[in-house]
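As given, the protein sequences belong to chains A and B, one line each in that order. Under our numbering, residues -14 to 175 are what the first sequence spells out, in order. Under our numbering, residues 732 to 932 are what the second sequence spells out, in order.
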Amino acid sequence: MEYILLAISCILINNILLAQFLGNCPFLGTSKKMETAVGMAMAVIFVLVLAGVFTWCVDTYPLKRFDLEFLRTLSFILVIASLVQFVEMFLKKSIPALYSGLGIFLPLITTNCAVMGACLINIKEEYDFMHTLVASFSYAAGFGLALILFAGIRERINLGRVPKPLADTSIGLVTAGMIALSFFAFKGMV
Amino acid sequence: MAKSITQEFTKGLWAEVPPFRLVLGLCPTLAVTTKVENGIGMGLATTFVLVGSNILVSMLRNVIPSKVRIACFITIIATFVTIVQLLMQAYTYSLYLQLGIFIPLIVVNCIVLGRAEAFASKNSVILSIADALGIGIGYTLSLAAIAMVREALGAGTITLFGKSFVLFGHAFMPFTFMVQAPGAFICLGLMLCIMNMLGSK
Chain A
-14 MEYILLAISC ILINNILLAQ FLGNCPFLGT SKKMETAVGM AMAVIFVLVL
36 AGVFTWCVDT YPLKRFDLEF LRTLSFILVI ASLVQFVEMF LKKSIPALYS
86 GLGIFLPLIT TNCAVMGACL INIKEEYDFM HTLVASFSYA AGFGLALILF
136 AGIRERINLG RVPKPLADTS IGLVTAGMIA LSFFAFKGMV
Chain B
732 MAKSITQEFT KGLWAEVPPF RLVLGLCPTL AVTTKVENGI GMGLATTFVL
782 VGSNILVSML RNVIPSKVRI ACFITIIATF VTIVQLLMQA YTYSLYLQLG
832 IFIPLIVVNC IVLGRAEAFA SKNSVILSIA DALGIGIGYT LSLAAIAMVR
882 EALGAGTITL FGKSFVLFGH AFMPFTFMVQ APGAFICLGL MLCIMNMLGS
932 K
């Protein structure tokens, strides 16, 4: 039950994109087409779960044990960067179909603050291993949900006539605001 | 590439000012601009990291092999972010608490990596410093501008150097929507629209 509550709160209430403002660059960058949005969402889910678990291990064993917390930023980003590189090479060799789907999004994930941000939040909230796993997956799922919803709306907007100064990113941000507003309705749930 | 130092500096202030013209570094732009003070603090921290990493990347640009350059850049940036983090923890502790995880997240701010990759890895140290200062100051000013709109409408105050200046009289009802998450998106979207209108003339 506790895990379900945690999952709901991470997906809907503290949605990483709309409530915590993490990962907005890929949110606006890859949401112009449904296909790219789905690809990005899958890639983020894949990497975030791995990154959450790995950074938790790195933080708990070497860093906290030897009082090296000031190296957290440096070590987390290196873990994430090498993890992304590793995942890319692994997928290319063993699951080429998945690789061709996620391929171009993987390098972008290194600088996706949703990944790093979620890892830092896990540490800040002092989750244990299982909580980290659930929270990482839920944050990523929340990211995917918001991204895919947003891409759907954005495809429709592009069919209409948008005033020129508002075009593209500008109307995108206003739309994101509206989605964030509707996610506000989940606030009292947990 | 025969641009002068002043040109490299001033392009960051208007022509390529980060969150508006280059739509990069949006996360801190949206998250920390609930108070003017936070916006400026975040902007200055980012500027420091930008200048530091641009100098180092530019000095090492002939040494770093191009295959592992991104990893090297990120390591350099992360080092400077750690420096900023420790400095802020020591000297501006309340700001450090307010900005929270967004200080370590400067590492993944696309502006910093973008400048290292697009500019500093190809240009001399002096030009890179000018570029970093320009972009950094432009970013700081933009954050301050967004924060000013949001704080003035959302709370009716402007917070600077730990003091809150009340702008309106007692009859003013704060429009709290602006300092909450949806307001951030809509405010930035509308400001972007105004920038587009000004720019197209």
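Ideal Cβ positions, reconstructed from N, Cα and C, are used throughout, including at glycine.
- Thinking C-beta only, is Ser859 (chain B) closer than 8 Å to Asn793 (chain B)? no
- Nonlocal neighbours in the same chain, by C-beta distance under 8 Å from Leu3 (chain A), ignoring five residues either side: Excluding sequence neighbours, Leu3 (chain A) sits near Ala131, Ala161, Ile164, Ala165, Phe168.
- Query: Straight-line CA distance for Leu761 (chain B) to Thr96 (chain A)?
  - Reply: 17 Å
- Item | Length of the line joining the Cα atoms of Leu864 (chain B) and Val782 (chain B) | 6 Å
- Task: Spell out the partners DSSP gives Val897 (chain B) in its beta bridges.
- Result: B:Thr888
- Task: Could you work out which residue in B:Tyr824, B:Trp745, B:Ala776 is closest to Gly869 (chain B) when comparing CA atoms only?
- Result: Among B:Tyr824, B:Trp745, B:Ala776, the Cα nearest to that of Gly869 (chain B) belongs to B:Trp745.
- Closer than 7 Å by C-beta to Phe833 (chain B): which residues in its own chain qualify, once you throw out the five before and the five after it? Chain order, please. Pro759, Ala762, Val763, Met773
- Query: Out of curiosity, what's the CA-to-CA distance linking Val748 (chain B) and Lys742 (chain B)?
  - Reply: Using only the alpha carbons, I get a separation of about 7 Å.
- Message: As an exercise, report each continuous alpha helix (DSSP H) stretch of at least 4 residues that is fully enclosed by the stretch 762 to 793 of chain B, in chain order.
- Response: You should have 767 to 790.
- Task: Could you tell me the distance, in whole angstroms, from the CA atom of Leu83 (chain A) to the CA atom of Val72 (chain A)?
- Result: 11 Å
- Task: Label Tyr124 (chain A) either buried or exposed according to how many other C-beta atoms from any shown protein chain fall within 10 Å of its C-beta, with 16 as the threshold for buried.
- Result: buried
- If you run the structure through DSSP and keep just helix, strand and coil, what is Tyr112 (chain A)? coil
- Any chance the stretch 795 to 804 of chain B sits against the stretch 821 to 840 of chain B, with 3 or more Cβ pairs inside 8 Å? no
- Query: DSSP three-state call for Ser735 (chain B): helix, strand or coil?
  - Reply: coil
- Query: Under 7 Å Cβ-Cβ, which residues of chain B neighbour Ile106 (chain A)?
  - Reply: Ile832
- Item | Close-in-space but distant-in-sequence residues of the same chain around Val29 (chain A) (CB under 6 Å, 5 per side omitted) | Ala125, Phe128
- Message: If the criterion is Cβ atoms closer than 8 Å, does the pair Ser913 (chain B) and Gly885 (chain B) meet it?
- Response: Per the sequence shown, residue 913 (chain B) should be read as Pro rather than Ser. The answer is no: Cβ separation not under 8 Å.
- With distances taken from CA atoms, which of A:Asp52, A:Arg141, A:Leu13 is nearest Gly920 (chain B)? A:Leu13
- Environment of Ala907 (chain B) [buried if 16+ CB atoms lie within 10 Å]: For clarity, residue 907 (chain B) is Thr in the given sequence; the question names Ala instead. Around the C-beta of Thr907 (chain B), fewer than 16 other C-beta atoms lie within 10 Å, and the residue is accordingly described as exposed.
- Are Phe39 (chain A) and Val64 (chain A) touching if we call contact CB-CB under 8 Å? yes
- Task: Taking all protein chains shown into account, decide if Arg50 (chain A) is buried (16 or more other Cβ within 10 angstroms of its Cβ) or exposed.
- Result: exposed
- Message: At the level of alpha carbons, what is the spacing between Val119 (chain A) and Leu757 (chain B)?
- Response: 27 Å
- Message: For the pair the stretch 94 to 112 of chain A and the stretch 53 to 67 of chain A, tell me if three or more CB-CB distances fall below 8 Å.
- Response: yes
- At 9 Å on the CB atoms, spell out the chain A contacts of Leu817 (chain B), in chain order. Phe55
- How big is the Cα-Cα spacing for Phe90 (chain A) and Ala136 (chain A)? 16 Å
- Task: Taking Leu923 (chain B) and Ser155 (chain A) to be in contact with their CB atoms under 8 Å, please state how far apart those CB atoms are, rounded to whole angstroms.
- Result: 4 Å
- Just the chain A side, please: which residues come within less than 8 Å of Thr778 (chain B) by C-beta, in chain order? At a beta-carbon threshold of 8 Å, none of the residues of chain A lie near Thr778 (chain B); the nearest stands roughly 18 Å away.
- Task: Taking Phe740 (chain B) as the reference, give the member of B:Thr871, B:Leu898, B:Asp862 with the closest Cα.
- Result: Among B:Thr871, B:Leu898, B:Asp862, the Cα nearest to that of Phe740 (chain B) is on B:Asp862.
- Query: Are the stretch 133 to 151 of chain A and the stretch 15 to 22 of chain A touching by the rule of at least three beta carbon pairs closer than 8 Å?
  - Reply: yes
- Query: Under the rule that 16 or more other beta-carbon atoms within 10 Å means buried, what is Arg146 (chain A), buried or exposed?
  - Reply: exposed
- Message: Given a cut-off of 8 Å on the beta-carbon distance, is the pair Gly86 (chain A) and Gly8 (chain A) in contact?
- Response: No, they are not a contact pair.
- Using a Cβ cut-off of 8 Å, pull out every chain A residue sitting near Ile805 (chain B), in sequence order please. Listed along the chain, the chain A residues whose CB falls inside 8 Å of the CB of Ile805 (chain B) are Ile62, Leu63, Ala66, Thr95.
- Would you please verify whether the beta carbon of Thr741 (chain B) is less than 8 Å from any beta carbon of chain A? It does not: the Cβ of Thr741 (chain B) has no partner Cβ on chain A nearer than 8 Å.
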